[in-house]
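So the protein sequences, as listed, match chains A and B.
If you count by the working numbering, then the first sequence holds residues 124 to 277, one letter each, in order.
If you count by the working numbering, then the second sequence holds residues 18 to 103, one letter each, in order.
A virtual CB, placed ideally from N, CA and C, is assigned to each residue, including glycine.
Just so we're clear, the structure is a prediction, and the values are computed from it rather than from any experiment.
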Amino acid sequence: MKRRIFLKGSLASGAIGLAISAGLLTPRLVLAAWPKAAFDATNVDGAVNSLFGSTALTGSDKIRIKAPDIAENGAVVPISIETDIKDVESISIIAEKNASPLTSSFVLGKGTEAFIATRIKMAKTGSVIAVVKAGGKLYSTGKEVKVTIGGCGG
Amino acid sequence: MASIKMRATLGDDGVTTIKVLISHSMDTGLEKDKKTGNNIPAHFIQEVVCEHNGTKLLTAEWGPAISKNPYLSFRFKGGKAGDTMK
Numbered sequence: 124m125k126r127r128i129f130l131k132g133s134l135a136s137g138a139i140g141l142a143i144s145a146g147l148l149t150p151r152l153v154l155a156a157w158p159k160a161a162f163d164a165t166n167v168d169g170a171v172n173s174l175f176g177s178t179a180l181t182g183s184d185k186i187r188i189k190a191p192d193i194a195e196n197g198a199v200v201p202i203s204i205e206t207d208i209k210d211v212e213s214i215s216i217i218a219e220k221n222a223s224p225l226t227s228s229f230v231l232g233k234g235t236e237a238f239i240a241t242r243i244k245m246a247k248t249g250s251v252i253a254v255v256k257a258g259g260k261l262y263s264t265g266k267e268v269k270v271t272i273g274g275c276g277g
Numbered sequence: 018m019a020s021i022k023m024r025a026t027l028g029d030d031g032v033t034t035i036k037v038l039i040s041h042s043m044d045t046g047l048e049k050d051k052k053t054g055n056n057i058p059a060h061f062i063q064e065v066v067c068e069h070n071g072t073k074l075l076t077a078e079w080g081p082a083i084s085k086n087p088y089l090s091f092r093f094k095g096g097k098a099g100d101t102m103k
């Protein structure tokens, strides 16, 4: 898979912020770290197990998922996840009813705040589950999102 | 060629917010080409790495269930104006 990703440049930001940025995103030649088995898994437990080696999820009210209650277009569902849990190593987003539930996994570096926002595809109405790995433990929270038109396939 | 737009804003509280918009089709491999009836082959971004002054901030591992023209936003502390983002 060739991905010639090219960063087009920096944009001056608005009144408050300061423009930083600009550089190159280099294509990664080695994709060994990409957890294929986890993305291929067809149920939530399988995906969590192959990603973390455990399915012991602890429910937590410290994770906040921001997602629409009703998503009109399942192809673009904005999701943002924020947590107060300390020492967060990774955040994963799982759409329960998708053919392959794991949508994405974000490994956070030091100094990176436990906040992620992105947009996912959802096949049908179901829970969006956020799995946060912190200090070797897994925490999760779910949120129901109703999908009017599915976003996978034509 | 996929193009990436990245914007960084430094807030008063010392937290830098990064927003990234990538133009990419993110084909799942399940959709059919209407003309030929064949499946459009899967073609999606698997990994995005973000660095700040050489330090890795975030590694995003994506499956095909990330929307077309992906958007990504995250925050980190310790950024300064003029720093290099990768």
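Return helix, strand or coil for residue 173 of chain A, following the three-state DSSP convention.
Position 50 of the first sequence holds residue 173 of chain A. Three-state DSSP puts residue 173 of chain A in a helix.
So which residues of chain B does residue 243 of chain A contact, with C-beta pairs closer than 8 Å?
On the first sequence, residue 243 of chain A is found 120 positions in, with the first residue counted as 1. Residues of chain B passing the Cβ test: 82, 83 and 84.
Closest to residue 109 of chain B by CA distance: which of B:79, B:42 and B:74 is it?
With chain B covering only 18 through 103, there is no way to say anything about residue 109 of chain B.
Return the bridge partner residues of residue 249 of chain A from the DSSP annotation.
The residue given as residue 249 of chain A occupies position 126 in the first sequence. Per DSSP, A:268.
Just the C-alpha distance for residue 87 of chain B and residue 228 of chain A, rounded to the nearest angstrom, thanks.
For the purposes of this step, residue 87 of chain B is taken as the residue at position 70 of the second sequence. For the purposes of this step, residue 228 of chain A is taken as the residue at position 105 of the first sequence. Rounded to whole angstroms, residue 87 of chain B to residue 228 of chain A spans 14 Å at the Cα level.
Jot down the residue ranges of each uninterrupted alpha helix (DSSP H) in the stretch 183-261 of chain A, minimum 4 residues, whole runs only, in chain order.
Those alpha helix (DSSP H) runs which fall completely within the stretch 183-261 of chain A and span 4+ residues do not exist here.
Does residue 197 of chain A pass the burial test, meaning 16 or more other C-beta atoms within 10 Å, or should it be called exposed?
Counted from its first residue, the first sequence places residue 197 of chain A at position 74. Classification of residue 197 of chain A: buried, given that the 10 Å Cβ count is 16 or more.
By DSSP, does residue 25 of chain B sit in helix, in strand, or in coil?
Numbered from its first residue, the second sequence carries residue 25 of chain B at position 8. Here residue 25 of chain B sits in strand by DSSP.
So, does the stretch 242-261 of chain A touch the stretch 78-86 of chain B, judging by three or more C-beta pairs under 8 Å?
Flag = yes, the stretch 242-261 of chain A and the stretch 78-86 of chain B touch.
Three Cβ pairs or more, each shorter than 8 Å: is that satisfied between the stretch 170-181 of chain A and the stretch 229-239 of chain A?
The stretch 170-181 of chain A vs the stretch 229-239 of chain A: no contact.
Spatial neighbours of residue 20 of chain B within its chain, please: CB distance less than 8 Å, with the 5 preceding and 5 following residues excluded, ordered by chain position.
Looking up residue 20 of chain B in the second sequence gives position 3. Correct list, in chain order: 39 and 40.
Please tell me whether residue 255 of chain A and residue 202 of chain A are closer than 9 Å, where the distance is taken between their beta carbons.
Here residue 255 of chain A is taken as the residue at index 132 of the first sequence, counted from 1. Here residue 202 of chain A is taken as the residue at index 79 of the first sequence, counted from 1. No, the pair does not count as a contact, with Cβ atoms beyond the cut-off.
Of the residues that make up the stretch 205-225 of chain A, which ones have a beta carbon closer than 7 Å to any beta carbon in chain B?
Listed by position, the residues of the stretch 205-225 of chain A near chain B (Cβ gap below 7 Å) are 218, 221, 223 and 225.
Tell me, please, whether the CB atom of residue 188 of chain A is closer than 9 Å to any CB atom in chain B?
Here residue 188 of chain A corresponds to residue number 65 of the first sequence, with the count starting at 1. No, residue 188 of chain A lies away from the interface with chain B (no Cβ there is under 9 Å from its Cβ).
Between which two residues does the beta strand (DSSP E) harbouring residue 160 of chain A extend?
Locating residue 160 of chain A in the first sequence gives position 37, counting from the first residue. Taken as a continuous stretch (DSSP letters only), residue 160 of chain A belongs to no beta strand (DSSP E), being part of the alpha helix (DSSP H) at 159-163.
The stretch 177-201 of chain A: which residues have C-beta closer than 7 Å to a C-beta of chain B, in chain order?
Listed by position, the residues of the stretch 177-201 of chain A near chain B (Cβ gap below 7 Å) are 198 and 199.
Look at residue 268 of chain A and residue 222 of chain A and say whether their C-beta atoms are less than 9 Å apart.
Translated into the one-based positions of the first sequence, residue 268 of chain A becomes position 145. Translated into the one-based positions of the first sequence, residue 222 of chain A becomes position 99. Against a cut-off of 9 Å, the Cβ pair of residue 222 of chain A and residue 268 of chain A comes out as no contact.
State the start and end residues of the unbroken beta strand (DSSP E) segment that holds residue 35 of chain B.
Counting from 1 along the second sequence, the entry for residue 35 of chain B is found at position 18. Element bounds for residue 35 of chain B: 32-40.
Give a yes or no on whether 9 Å exceeds the smallest Cβ distance from residue 144 of chain A to chain B.
Within the first sequence, residue 144 of chain A is the residue found at index 21, counting from 1. Note that residue 144 of chain A scores a pLDDT of 31, beneath 50, so its modelled location is shaky and nothing firm can be said.
For residue 81 of chain B, count neighbouring Cβ atoms within 10 angstroms of its own Cβ and tell me buried if that reaches 16, exposed if not.
Here the question's residue 81 of chain B lines up with position 64 in the second sequence. It counts as buried.
Can you tell me where the beta strand (DSSP E) with residue 84 of chain B in it begins and where it stops?
If you number the second sequence from 1, residue 84 of chain B lands on position 67. That residue, residue 84 of chain B, is in no beta strand (DSSP E); it is neither H nor E in DSSP.
Taking the alpha-carbon positions, what's the residue 253 of chain A to residue 209 of chain A distance?
If you number the first sequence from 1, residue 253 of chain A lands on position 130. If you number the first sequence from 1, residue 209 of chain A lands on position 86. Looking at the two C-alpha atoms, the distance is approximately 16 Å.
Quick check on residue 42 of chain B - is its C-beta less than 9 Å from some C-beta in chain A?
Numbered from its first residue, the second sequence carries residue 42 of chain B at position 25. No - not a single Cβ of chain A is within 9 Å of the one on residue 42 of chain B.
I think residue 93 of chain B touches residue 236 of chain A, with their Cβ atoms under 8 Å apart; what is that distance to the nearest whole Å?
To locate residue 93 of chain B, count along the second sequence from 1; it is residue 76. To locate residue 236 of chain A, count along the first sequence from 1; it is residue 113. Confirmed, about 6 Å.
Let me know the secondary structure DSSP gives residue 140 of chain A once reduced to three states.
Numbered from its first residue, the first sequence carries residue 140 of chain A at position 17. Unreliable positioning characterises residue 140 of chain A in this predicted model, as indicated by a pLDDT of 30, which lies under 50. The coordinate reading is nonetheless provided below. The answer is coil: DSSP assigns residue 140 of chain A none of H, G, I, E or B.
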